[in-house]
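> Before I ask anything, let me first share the structure, which is written out below as structure tokens.
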Ligand code: SF4
């Protein structure tokens, strides 16, 4: 680990739960359905987080646990079987059904793995039923994707073929672009996990080299390793520097010649650095405070410091996997203050003491901080925006420059000119 200062903190948390990841997973795999076994609160969360499904038949739903279930008066398994049967009758195109656990289903201890096994047997040949937890007791919002992918790993067929496996949901155009770069480097067997169809799972085996595209896939990486894959050590593909090193890690592993690597990446890097310039001017010297939520905080801090010149006050992170973050931690400046976990009150006190120019935080904290005159950026935006890769570095920087620009526009002095 570099010279960062690592502190741990526990206390009240203010983060979205793992159910939130359904919002991007259902778009990624249109033949999958996510059935949350939860309360009306859970239903409201995904309805309002997704917020866009009014005119389309959604690919998620909630099996609502009523008071009778919560009091243990009803047989929750019978109820669940009935809901699943009705759903699959109405929606025969579903190929993979995820039963997603929630706080209420965990509190009353519904065994969803048993339910998934039973329903898989019942609907064999029609639909595969899997389960994972999105409960806010156990997960922050990106860990929902980790749980869903981990549940899919046992279904991946075995193959010893040599291949590069990109792991973690990426925007489709970004994924296409990255695959084109790998093809130019002569790496032709490149697969993605999750795939664009839940039934088209890539194979896995001793010849698989995994390049993690997202930093929150701890459990998935572990089970892929158990299936024989090699996890390549690299920073995450955010910014020019991170993306270059990420691609280099794959290139080195596939013995790509340095000349080819340099001639492929150099034009992209020159163009990206030029596009970054105006944002560097806006961000350089500005004080940044990241509150823990998405697990993307360390790669973002590295990019915003090293490539945009922002000063890091504190980097909060829900949990720290040192092995997965090794390459990132080495790139952080000396004495970066990293705080694992959260005590939201204490963290907010430190925000107020340091008066940062920008705070990256969850939606629940953004409004109160804005009301106090502190500019914010929602961390959830990072998982919905196409920010990965060399080409996207300026778009990523722009996401952070925008709130600062907005604040400049509404200062009393600026308003006087209207
Ligand atoms: S899973 Fe828990 S935290 Fe998430 S919406 Fe349901 S009750 Fe709330």
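Numbering (the working numbering), first residue to last: 1351 to 1768. Cβ coordinates follow ideal geometry from the N, Cα and C atoms, glycine included. The model shown is predicted, which means the values in this text are computed figures rather than measured ones.
Assign residue 1551 to one of three DSSP states: helix, strand, or coil.
coil
> To the nearest angstrom, how far is it from the Cα of residue 1403 to the Cα of residue 1704?
Reliability fails at residue 1403, whose pLDDT of 46 lies under 50, so the model's placement of it is uncertain and no value is given.
> What would DSSP say about residue 1693, mapped onto helix, strand or coil?
coil
> What residue range does the beta strand (DSSP E) around residue 1524 cover?
Looking at the DSSP string, residue 1524 is not in any beta strand (DSSP E); the run it does join, the alpha helix (DSSP H), is 1522–1534.
> Which residue marks the beginning of the beta strand (DSSP E) containing residue 1568, and which one marks its end?
Premise fails: residue 1568 lies in the alpha helix (DSSP H), 1568–1576, not in any beta strand (DSSP E).
> Between which two residues does the beta strand (DSSP E) containing residue 1481 stretch?
1478–1483
> Does residue 1738 come out as helix, strand or coil in the three-state DSSP assignment?
strand
> Beta strand (DSSP E) containing residue 1726: first to last residue?
Per DSSP, residue 1726 belongs to the beta strand (DSSP E) from 1726–1728.
> Can you look up residue 1403 in the DSSP assignment and give me helix, strand or coil?
Model confidence at residue 1403 stands at a pLDDT of 46, short of 50, so the residue's coordinates are unreliable and nothing is read from them.
> Taking a contact to mean a Cβ-Cβ separation below 8 Å, would you say residue 1653 touches residue 1592 in this structure?
yes
> Would you mind giving the Cβ-Cβ distance between residue 1385 and residue 1450, rounded to the nearest angstrom? I have them listed as a contact below 8 Å.
7 Å
> Just checking, does the region 1639–1647 make contact with the region 1691–1703 on the three C-beta pairs under 8 Å criterion?
Yes: the two stretches touch, three or more of their Cβ pairs being nearer than 8 Å.
> Check each candidate in 1526, 1745, 1626 and name the one with the smallest Cα separation from residue 1735.
1745
> For residue 1630, report the span of its beta strand (DSSP E) as first-last.
Where residue 1630 is concerned, there is no enclosing beta strand (DSSP E), although the alpha helix (DSSP H) it sits in stretches over 1608–1633.
> Quick one: is the Cβ of residue 1398 within less than 7 Å of any heavy atom of the ligand SF4?
no
> Is it the case that the CB of residue 1486 approaches a heavy atom of the ligand SF4 more closely than 7 Å?
Yes, the beta carbon of residue 1486 sits closer than 7 Å to at least one heavy atom of the ligand SF4.
> From what residue to what residue does the alpha helix (DSSP H) around residue 1579 run?
Where residue 1579 is concerned, there is no enclosing alpha helix (DSSP H), given that its DSSP letter is neither H nor E.
> Which of helix, strand or coil does DSSP assign to residue 1409?
coil
> Rounding to the nearest angstrom, what Cα-Cα distance links residue 1717 and residue 1468 in this structure?
45 Å
> CA-CA distance, residue 1361 and residue 1699?
One alpha carbon belongs to residue 1361, the other to residue 1699, and they sit about 14 Å apart.
> Taking three-plus beta-carbon pairs below 8 Å as touching, is the region 1662–1676 in contact with the region 1605–1622?
no
> So what does residue 1687 bridge to, in DSSP terms?
For residue 1687, which the question treats as bridged, DSSP gives the partners 1355.
> Here's the rule: buried if 16 or more other CB atoms are within 10 angstroms of the residue's CB, otherwise exposed. What is residue 1484?
buried
> Pull the bridge partners of residue 1666 from the DSSP assignment, please.
1689
> Assign residue 1525 to buried or exposed, taking buried as 16 or more other Cβ atoms, counted over all protein chains shown, within 10 Å of its Cβ.
The residue is buried, with at least 16 neighbouring Cβ atoms inside 10 Å.
> Tell me whether residue 1389, by its Cβ, gets closer than 7 Å to a heavy atom of the ligand SF4.
yes
> Cα-Cα, which of 1445, 1590, 1542, 1398 is closest to residue 1369?
1398
> Does the region 1721–1740 come into contact with the region 1508–1524, if we say contact requires no fewer than three beta-carbon pairs (one atom in each stretch) closer than 8 Å?
yes
> Where do the N-terminal and C-terminal ends of the beta strand (DSSP E) with residue 1451 fall, by residue?
1446–1451 is the extent of the beta strand (DSSP E) around residue 1451.
> Cutting at 8 Å between CB atoms, please list the residues of its own chain near residue 1378, excluding the five before and the five after it.
1519, 1544, 1546
> Helix, strand or coil: how does DSSP classify residue 1474 here?
Looking at residue 1474 - three-state DSSP - the assignment turns out to be coil, as it is neither helix nor strand.
> Counting only beta-carbon separations shorter than 8 Å, does residue 1592 have a partner in chain B?
Checking the listed chains, one finds no chain B in this structure; it contains a single protein chain.
> From this set, 1486, 1530, 1557, 1516, which residue's C-alpha is nearest residue 1508's C-alpha?
Nearest option by C-alpha distance: 1557.
> Is the distance from the Cβ of residue 1491 to the Cβ of residue 1365 below 8 Å?
yes
> Check for me: the alpha helix (DSSP H) holding residue 1673 runs from which residue to which?
DSSP places residue 1673 inside the alpha helix (DSSP H), whose first and last residues are 1672–1681.
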